[in-house]
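Heads up, the thing below is written out as structure tokens.
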Amino acid sequence: MVVTVRFAPSPTGFLHLGGLRTAIINYLFARKQGGTFILRIEDTDQSRIVSSSLADIFDVLNWVGIKPDKGPFTKEDAPNYVQSARLDIYKEKANELLDKGLAYRCFCSTTRLDLLRKEALKNRNIPRYDNRCRFLSDKEIDEKLSEKADYALRFRSEDQIVNVDDLIYGSTRFDVKNSEGDFIILKSNKFPSYHLANVIDDHSMEITHVLRGEEWLLSTPKHLMIYNAFGWDPPKFAHIPIILNEDGKKLSKRHQDLGVMSLKSRGYYPETIINYLMLTSSSFELKSNKLASLEEIVQQFNFDTIHRSRCKVSYSKLKALNRFAIKTKLEDDKQGFLLTLRNYLKDRFGEKVIDNETDDHLIFLFTESSGRYSNFGDFVEELGFVWTPCDPAWACDQFLPLGDLDKSVGGCLELISKEWSNSKERMDKLPFLKTYCSEKNVDYRLLMRFLRYSLVNSEIGLPVGQMLYVLGAEEFSRRVKKGIEYTKNQLKNSN
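Under my numbering, the first residue of the sequence shown is numbered 159, with each subsequent residue one higher.
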């Protein structure tokens with residue numbers, strides 16, 4: 159038997175860490191067993207489709223290096239791996255169950271079903287269908303059909319206990335009929351339910367192992383009942399505990415900041431994310447002083463190591479792991495690190511700006527942070543002013559107390575230039591400026607504010623001394639002189 163698994167996301171939002179982990183586990187298992195890894199798109203819930211989601215799924219898998227063996231990569235492949243292109247197949251199979259008496263037409267309106275649900279919740283019961291249409295006579299059915307009434311198809315559940323054997327959770331028993339009633343397999347719009355399409359696709363694609371999130375464990379008894387109705391052997395199941403956000407809530411596809419591509423845009427390495435997901439979800443261990451490759455993780459993979467309990471995303475741990483990855487890259491592959499950093503910076507500041515940067519200066523800027531940056535996004539947030547022109551735009555009246563700017567601020571620049579030339583040590587603190595201000599009767603805080611506005615057009619950011627250190631005395635002086643001229647002109651024009 160050739161092991162065949164599938165990753166079957168719905169294009170209803172950004173692929174988050176939980177979805178990616180499911181894809182990774184399917185990929186690892188397929189590679190460990192020498193099997194086939196399939197990508198399938200489950201898009202039957204058309205009301206929730208997000209147009210950008212499909213491209214996001216492809217981008218994420220490509221970025222982390224998980225390449226499916228089969229999937230909807232061409233127009234010719236779509237009918238095989240996209241559910242909305244397979245509607246005729248589902249309809250035919252649903253009618254087959256109808257003809258066998260294993261399904262029936264349900265003419266209940268949405269309004270009636272909503273009332274049933276609200277009444278159940280009001281009485282603190284689990285919402286379930288009351289199987290009303292199961293008992294319609296042939297005459298009643300014919301009358302409704304002659305009136306062209308809309309209908310769905312429901313599976314005729316039997317009064318039985320369904321046992322689910324799971325590779326992670328073990329054996330669990332479910333009473334589907336009494337807990338939920340007969341369930342829909344074909345909606346009134348002739349789109350299949352998830353349950354029907356899922357079973358038909360897994361069977362036709364010869365899926366041997368279904369590895370998916372734990373939220374689908376409760377649906378598995380229905381799937382087993384459908385398999386049995388068709389006379390098909392079911393695959394083996396493994397339901398993976400879900401990942402929660404830091405606040406204990408489920409990750410949401412609707413929040414872009416939690417999407418995998420958002421982490422990429424922040425400057426995380428793909429291997430960081432893969433290693434993090436395996437470290438938090440299983441007993442996987444790093445066996446060296448660097449992150450494991452996909453191939454190395456494949457060798458360690460085993461279902462027995464997957465935790466049965468849910469885990470929370472810890473962004474502090476994710477940052478720490480990426481900081482470790484950056485340190486390793488700088489030590490083992492400096493050119494690769496520089497290429498990644500340059501490409502990241504070019505996307506934000508343009509090729510011309512970054513092409514003028516030397517490798518030594520980029521390394522200097524990154525390493526002088528004492529390991530403070532956990533990703534390229536943090537680096538850009540703190541040091542982006544280095545490559546961003548500072549166009550003066552501030553209220554100048556606040557600086558009137560500084561008097562003659564050429565003397566008060568200009569004298570400050572002369573002192574900084576002198577100290578910079580004479581200093582033989584790192585100079586990112588400016589204690590001598592307080593002495594200068596005291597001697598010249600200059601408001602120290604106002605002077606610092608003027609310098610900050612001239613450098614970054616904001617009161618927020620690194621201390622002025624650190625900005626001097628990363629810009630260098632020449633660029634520091636150029637920006638401050640520009641600020642002096644701007645302020646003088648504005649004050650002159652306002653009089």
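Just so it is clear, CB atoms sit at the ideal spot from N, CA and C, and this is done for glycine as well. Here the structure is a predicted model, which means the values were calculated and not measured.
What residue ranges within the segment 524 to 569 form continuous alpha helix (DSSP H) runs of no fewer than 4 residues, ordered along the chain?
534 to 541
Taking one C-beta from the segment 478 to 486 and one from the segment 444 to 463 each time, how about it: are there three or more such pairs within less than 8 Å?
yes
What does the Cβ neighbour count give for residue 160, buried or exposed, with the cut at 16 atoms within 10 Å?
Counting Cβ neighbours within 10 Å, residue 160 comes out exposed, since fewer than 16 surround it.
Strand pairing of residue 321, partner residues [DSSP]
Residue pairing by DSSP places residue 321 opposite 331 in a beta bridge.
To which residues of the same chain is residue 379 closer than 7 Å at the C-beta, ignoring the five residues directly before and after it?
320, 322, 332 and 334
So, helix, strand or coil for residue 361, using DSSP?
helix
By DSSP's criteria, residue 197 is part of a beta bridge. Which residues make up the other side?
165
Counted within 10 angstroms of its Cβ, other Cβ atoms place residue 354 as buried (16 or more) or exposed
buried
Residues that DSSP places opposite residue 474 in a beta bridge:
Answer is none; residue 474 lacks a bridge partner.
Pick helix, strand or coil for residue 654, following the three-state DSSP scheme.
Absent from the structure is residue 654, since the part of the chain shown begins at 159 and ends at 653.
Ignoring anything shorter than 4 residues, give me the alpha helix (DSSP H) runs that lie fully in the segment 401 to 473, in order along the chain.
418 to 423, 428 to 439 and 452 to 458
Looking at residue 276: is its Cβ nearer than 8 Å to the Cβ of residue 310?
No, the pair does not count as a contact, with Cβ atoms beyond the cut-off.
Which first and last residues belong to the beta strand (DSSP E) in which residue 381 is found?
Segment 378 to 388 is the alpha helix (DSSP H) holding residue 381; no beta strand (DSSP E) there.
Under 8 Å between the Cβ atoms of residue 588 and residue 182?
no
May I ask you to report which of helix, strand or coil DSSP gives residue 215?
helix
Here's the rule I'm using: 16 or more other beta-carbon atoms within 10 Å means buried, otherwise exposed. How should residue 284 be labelled?
exposed
Taking the alpha-carbon of residue 568 as reference, which of 328, 640, 492 and 174 has the nearest alpha-carbon?
640
Proximal residues to residue 550 (C-beta, below 8 Å), its chain only, five neighbours per side dropped:
Excluding positions up to five away in sequence, the list reads 611, 612, 615, 640, 641, 644 and 645.
Assigned exposure category for residue 241 - 16 Cβ within 10 Å defines buried
So residue 241 counts as buried.
Considering only their Cβ atoms, is the gap separating residue 545 from residue 507 smaller than 8 Å?
Yes.
Candidates 400, 386, 424 and 426: which alpha carbon is nearest residue 438's?
400
Residue 262 bridges to which residues according to DSSP?
312
Whole-angstrom distance between residue 539 and residue 601, CA atom to CA atom
29 Å
When you compare only the Cα positions, how much space is there between residue 579 and residue 632?
Distance between the alpha carbons of residue 579 and residue 632 is about 11 Å.
Give the DSSP-derived three-state secondary structure of residue 368 in the structure shown.
strand
Starting from the C-beta of residue 533, find all residues in its chain whose C-beta is less than 6 Å away, skip the five residues before and the five after it, and write them out in chain order.
424, 425, 426 and 480
By Cβ distance below 7 Å, which residues in the same chain neighbour residue 265 in space, the five residues on each side in sequence not counted?
291, 302, 307 and 309
Whole-angstrom distance between residue 356 and residue 259, CA atom to CA atom
21 Å
Hey, quick one: how far does the beta strand (DSSP E) through residue 294 stretch, first residue to last?
Neither: residue 294 is in no beta strand (DSSP E) and is coded neither H nor E.
Are residue 185 and residue 172 close, meaning C-beta to C-beta below 8 Å?
Cβ atoms of residue 185 and residue 172: not closer than 8 Å.
Pick helix, strand or coil for residue 396, following the three-state DSSP scheme.
strand
Residue 626 to residue 491, Cα distance in whole Å?
29 Å
Could you give the DSSP three-state label for residue 190: helix, strand or coil?
DSSP places residue 190 within a helical segment (H, G or I) once states are collapsed to three.
Verify whether the separation of the beta carbon atoms of residue 455 and residue 431 is less than 8 Å.
no
Starting from the Cα of residue 163, find the closest Cα among 178, 188, 352 and 180 and give me that residue.
188
In whole angstroms, what separates the C-alpha of residue 624 from that of residue 585?
About 8 Å.
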